[in-house]
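Q: Pasting in a structure now, in structure tokens, and then I'll have a few things to ask.
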Amino acid sequence: MISSDFTDATRTKNEPMIVLEHVDKFFGSFQALQDITMSVGRQEVVVVIGPSGSGKSTLIRCINRLEKHDRGRVVVDGIELTDDLRKIQEVRRETGMVFQQFNLFPHLSVLDNVTLAPRQVRRMPRDQAEELGKAMLARVRIPEQAHKYPGQLSGGQQQRVAIARSLAMQPKVMLFDEPTSALDPEMIKEVLEAMEELATSGMTMIVVTHEMGFARAVADRVVFMAEGQIVEVGSPEHFFSSPQEPRTKLFLSQIL
Amino acid sequence: MENQPRTRPSFWRDVRVIRLVLQVVAVAALATALYILWFNLTNNLRRQGIRTDFSFLDQPFGVRIAGSDFRPGSSVRDAFWNGIRNTAALAVVGLPILTVLGVVVGIGRLSRNWLVARAASLYVEGLRNLPPLLLIVFAFQAVILRLPPARSPITPFGWLVVSNLEIHVPGLTLQPGGGQFLATVAAAVLAAAVVWWWRTRRQDRTGQPHHRWLWGLGIVAGTALVAYLLGEDPVTVSRPQLEGRVISGGFSGLGAYFAVLGALVLYTSSHVAEIVRGSIQAVPRGQTEAAEALALSGFQRLRFVVLPQAARIALPPIINQYLNYVKNTSLAIAVGFAEVTLIAFQAIGNGQPAPQVILLLMAAYLTFSLVISALVNVYNRRLRLVTR
Amino acid sequence: MATLTAAPVRPPLVAWVRRHLLSGPLNTLLTLVFGAVFVAAGMAVVRFLANSDFTILRVNLALFMVGGFRRDELWRIAVAAWLLSLMGGLVGGLVAAAAAARARQTGVVVTGATGRGRWSVLRRFWPFGLFLVICLSLTETIQPTLVTVLGIGLAVGGYWLARRWPASWRRFLYLALPILGLAAYGVMASSGLGWSRWGGFHLNLFLTGAGLLLAFPFGILLALGRRSSLPVVKGIAVGYIEVIRGVPLITLLLMGVFALGFFLPSNLRPSDVTRVLVAITLFEAAYIAEVVRGGLQAVPSGQTEAAQALGLSPWKITRLIVLPQALRATIPAMVGQFISLFKDTTLVAAVGLGDVLAASSFANSQPAFNAQGLARITLPFVALAFWAGSYTMSREAKRLERRLGVGER
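Below, the structure is given as structure tokens:
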């Protein structure tokens, strides 16, 4: 049943950007991911929800190899992730990631945070990198903070810098790992707005979040995970109004 | 609201009065204690006919200082300066060595190679749990003193002349024409600086890697090599020569000097290693992950993300270890190396007034410590991560 | 339920060796080099143990342990050791009980508190055990062994007692600790000579314990002074702490031995042990003050504010709210200070006292052993004594830090 959903979804968006086939992941004897199979089309926005410990973060961390999957295949834009370091770096260059705890580099100014990877990885001239960095900061609406340090910014501003930092690598895919969970309530909106803008511009995105409003408004598909497995997949309307699986129903009744 | 009466509270519960009284009491207590000590001191000194001023500094010191041309007739003041020079000789040579050793061992403890990590942790746990004085005494009594006596030294590798009194190591000697050579090398260093700047600019403009270390070192090394080959041996290695009983050439140091140096370098480097390891581990895991997600390579992650942050964490405690090292050089008193504490000890032994001598000794260490702490504070204020 | 798939099987040893020893050419080279170093070092140690004559230690064991303590009064040391073993056992049991209570309250399961078998004690205290076994193997009569066995028994008994003791009566056990300590001191010091003839390792231990105990109240006062809002009080405390921390301990010891007399009334002539004890106390107080200051800073300012809001007086806030929390946070750092003082007590040998390091030199100047380079045997023995103590204590401090939850919010 799950697989039929997938074929439907993949038909709507041609040629998938990300393909996972029968992926397993273990931490010691604990199985964090169990036979995960899914694909994400180009320009598609997939929101992953589920209770804590259900393997959502592990799933997207396998996509840019922050975690190594133990079995199965992970293919990003036609590149399969193996132990080949060159392949890993290629995938990471095309994949941006935003973390729950921002993980900005505290010893670098905001602009240096944004330009570090373009200069060092993409070998971009400084002027060009700074121009790009400023453009990205403008895109997340904080161009005026370029010369401050991360510690001087609010949580919402820091997370937007983190988004700009990833965008400066001009990725084809953006991964969001609970980007608003560490934020004060009044700052969540500004980050979600930046993400929405990104989705509208046609970025391929996988978002792990608890923001159901965002899922409803922006997602092309919603994936529900529990205990390391994909339990249910569907369009937001379908998913929130008439969930099929009892676990999904239980989860939705608990959070809504 | 009622009108508050503007009278002052009774004085015994007026906060301002209480604060004032407490401070006056503290000053009075301190002054009384100091007065009693001073009273006893002057009384005792007068009764024993000991001078209470610092004029003893001009008296003859009365003892030879091993390993120097200090004459017993020279003044106590000169002896003190001699001691400070010897303390400095321990610090100047020891601090760079122990830093390198500490950093290497500290990183070694994080090695993925199990044997390397084991070896490094044996080094650290073995050394830092021993008393430094014990290490010094061991290095002197069980290593240096078991070397052959001064009348029949050995010459390991042909490059060293070693006896239980002195150790001679090779040195460099400038020959005629050496000045020219040094000038050429200095010019090369200047040129390297310019190239450094050029490579950095070029990277900014084009994004190409600068390799400025490679270029800079290459220019200096290349020039030095060419200049050395063109000149007629401008610099020669002077190797200690043993001819009969006379040893010439190279640099020499007392056995006791090497015992103190070796023991303290080992001891302090074990502490530095622990700091280095802790600082690297203290950089949050998320920092490395973010750098990985940005596709920075392993070296780039270290160079741009981990090490700059670890260095900020490590620097203050490492400076503290430097201070400890310098204070620990005072333990050389146990093996008779004439640094400033031993000089003070001998001065007291020769009848100079102990209170003044020790005060002078403390002042010397204190000046050094306070100057270093002041510098560190300035540096810390500049390097502290900016926060709200 | 989904089908359960087993974790991928990895051949444990082979995979481990490949990952940790042979993961690349450089790594393999390092493995070879360091493997050779380990083998060579191991052989050197075996050769040293096999070829050395340990007579100098056998003959002088009492000198190393108790220095000039009167040999016909040695029973006093044994009784004191028993009392202190009991005290150590009680302290260990109380700490374990406190950690267990805390675990019950917070629901955090502390591993290693009870389980993991009785062998965990051996794993934690093996350096002590090694040192004891070596010492006992050097003795010529059975008495020291009996004393040691009884001491260990008392320590285990004390631990057991403190763990099983009802919590409501625990204060009586706390009261027993200083009584046992004082009794131990009383037994040793009542031989008529006081501590002026004490020496050997016994002196190092005594100076460590007494120095820390005497410096403790002084250090707390200095720390409070340093945090005081009164500028004069703060100035005095800061000045004292910075001056003392800026000079080496040996200068203070020299001051104690050669100059202390000048500052006292002329009828007061303290013994050398007293003099160095004064110097150590003055020195240690400054360092303890810094340790306590660290603990005070770890107490959130909200604690003081809450207490002020409840209307407590400043003195009561310090005594009932701030200090208890601060002191608990300082325990690991205090153990670190204890270790550092323990190692520093060897410095008294440099100013002419007969501690264990001086005993080594003394033994090497005896006619039977003179000028034979036997420092290579006596000094490692002394080193082992210090290493066993420092290493075990520093590991226990780390463990305590975890179990007391210091640093947790």
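Chains as they are written, first to last, in this note's numbering: chain D, 795 to 1050; chain A, 5 to 392; chain G, 24 to 432. Where a beta carbon is used, it is the ideal one built from N, C-alpha and C, also for glycine.
Using three-state DSSP, classify residue 928 of chain D as helix, strand or coil.
A: helix
Q: Quick check on this structure: which residue in G:259, G:369 and G:161 has the alpha carbon closest to the alpha carbon of residue 312 of chain G?
A: G:259
Q: CA-CA distance, residue 257 of chain A and residue 273 of chain A?
A: Taking the CA atoms as reference points, residue 257 of chain A sits about 22 Å from residue 273 of chain A.
Q: So, is the C-beta of residue 385 of chain A closer than 9 Å to a C-beta in chain G?
A: no
Q: In three-state terms, what does DSSP make of residue 192 of chain G?
A: helix
Q: Taking Cβ to Cβ, would you say residue 333 of chain A is nearer than 9 Å to residue 240 of chain A?
A: no
Q: Does DSSP put residue 816 of chain D in a helix, in a strand, or in coil?
A: strand
Q: Going by CA-CA distance only, name the one from G:271, G:387 and G:220 that's closest to residue 345 of chain A.
A: G:271
Q: Counting only beta-carbon separations shorter than 9 Å, does residue 821 of chain D have a partner in chain A?
A: no
Q: Locate the alpha helix (DSSP H) running through residue 171 of chain A, then write down its first and last residues.
A: From DSSP, residue 171 of chain A is part of no alpha helix (DSSP H) but of the beta strand (DSSP E) over 170-173.
Q: Using a Cβ-Cβ distance cut-off of 9 Å, determine whether residue 271 of chain G contacts chain A.
A: Proximity of residue 271 of chain G to chain A, defined by a Cβ-Cβ separation below 9 Å, is satisfied.
Q: Could you tell me which residues DSSP pairs with residue 245 of chain A in its beta bridges?
A: A:252
Q: Roughly how many angstroms separate the alpha carbons of residue 166 of chain G and residue 51 of chain A, rounded to a whole number?
A: 53 Å
Q: Going along the stretch 133-155 of chain A in order, which residues come within less than 9 Å of chain G, judged by CB to CB distance?
A: 133, 134, 135, 136, 137, 138, 139, 141, 142, 144, 145, 146, 147, 149 and 150
Q: Taking residue 116 of chain G as the reference, which of G:183, G:170, G:173 and G:58 has the closest Cα?
A: G:183
Q: Step through the CB atoms of chain D and report whether any lies within less than 9 Å of the CB of residue 296 of chain A.
A: Yes, residue 296 of chain A lies at the interface with chain D (some Cβ there is under 9 Å from its Cβ).
Q: What is the C-beta distance between residue 202 of chain G and residue 108 of chain G, in whole angstroms, given that I count them as a contact (C-beta under 8 Å)?
A: That pair is no contact at about 15 Å.
Q: Can you pull the chain A residues whose beta carbon is under 8 Å from the beta carbon of residue 901 of chain D, in chain order?
A: At a C-beta separation below 8 Å, residue 901 of chain D has these neighbours in chain A: 312, 313, 316 and 389.
Q: In chain order, what are the residue ranges of uninterrupted alpha helix (DSSP H) at least 4 long that sit wholly in the stretch 38-82 of chain G?
A: 48-74
Q: Can you look up residue 841 of chain D in the DSSP assignment and give me helix, strand or coil?
A: In the three-state reduction of the DSSP assignment, residue 841 of chain D falls in the strand class, which pools E and B.
Q: Using a Cβ cut-off of 9 Å (strictly closer), state whether residue 27 of chain A contacts chain G.
A: With 9 Å as the cut-off, residue 27 of chain A counts as an interface residue toward chain G.
Q: Please confirm if residue 46 of chain G has its CB atom under 9 Å from at least one CB of chain A.
A: yes
Q: Return the residue from the list A:235, A:247, A:109 and A:193 that minimises the CA-CA distance to residue 225 of chain A.
A: A:193
Q: Beta carbon of residue 269 of chain G, beta carbon of residue 374 of chain A: below 9 Å?
A: yes
Q: What residue does the beta strand (DSSP E) around residue 827 of chain D start on, and which one ends it?
A: First-last of the beta strand (DSSP E) with residue 827 of chain D: 824-835.
Q: Which bits of chain B does residue 314 of chain G rub up against, with CB to CB less than 8 Å?
A: In summary, chain B is missing from the structure at hand, where the protein chains are D, A and G.
Q: Jot down the residue ranges of each uninterrupted alpha helix (DSSP H) in the stretch 871-925 of chain D, minimum 4 residues, whole runs only, in chain order.
A: 879-888 and 904-914
Q: In whole angstroms, what is the alpha-carbon distance linking residue 394 of chain A and residue 94 of chain G?
A: Only positions 5 to 392 of chain A appear in the structure, and residue 394 of chain A is not among them; the question remains open.
Q: Just to make sure I have the definition right: I need the residues of chain A whose C-beta is within less than 9 Å of the C-beta of residue 43 of chain G. Which are they?
A: 116, 117, 118, 119 and 121
Q: State buried or exposed for residue 383 of chain A, treating a residue as buried only when at least 16 other CB atoms are found within 10 Å of its CB.
A: exposed
Q: Indicate the three-state DSSP secondary structure (helix, strand or coil) for residue 1023 of chain D in the structure shown.
A: DSSP places residue 1023 of chain D within a strand segment (E or B) once states are collapsed to three.
Q: Given this structure, state the Cα-to-Cα distance separating residue 179 of chain G from residue 1023 of chain D, to the nearest angstrom.
A: 51 Å
Q: Taking Cβ to Cβ, would you say residue 935 of chain D is nearer than 9 Å to residue 984 of chain D?
A: yes
Q: I'd like to know whether the C-beta of residue 342 of chain G is nearer than 9 Å to at least one C-beta of chain A.
A: no
Q: Count the other CB atoms, across all protein chains shown, that sit within 10 Å of the CB of residue 944 of chain D; report buried if there are 16 or more and exposed otherwise.
A: buried
Q: When Cβ atoms are compared, which residues of the stretch 330-350 of chain A fall closer than 9 Å to chain G?
A: Under the 9 Å Cβ criterion, the stretch 330-350 of chain A contributes 330, 331, 332, 333, 334, 335, 337, 338, 345, 348 and 349.
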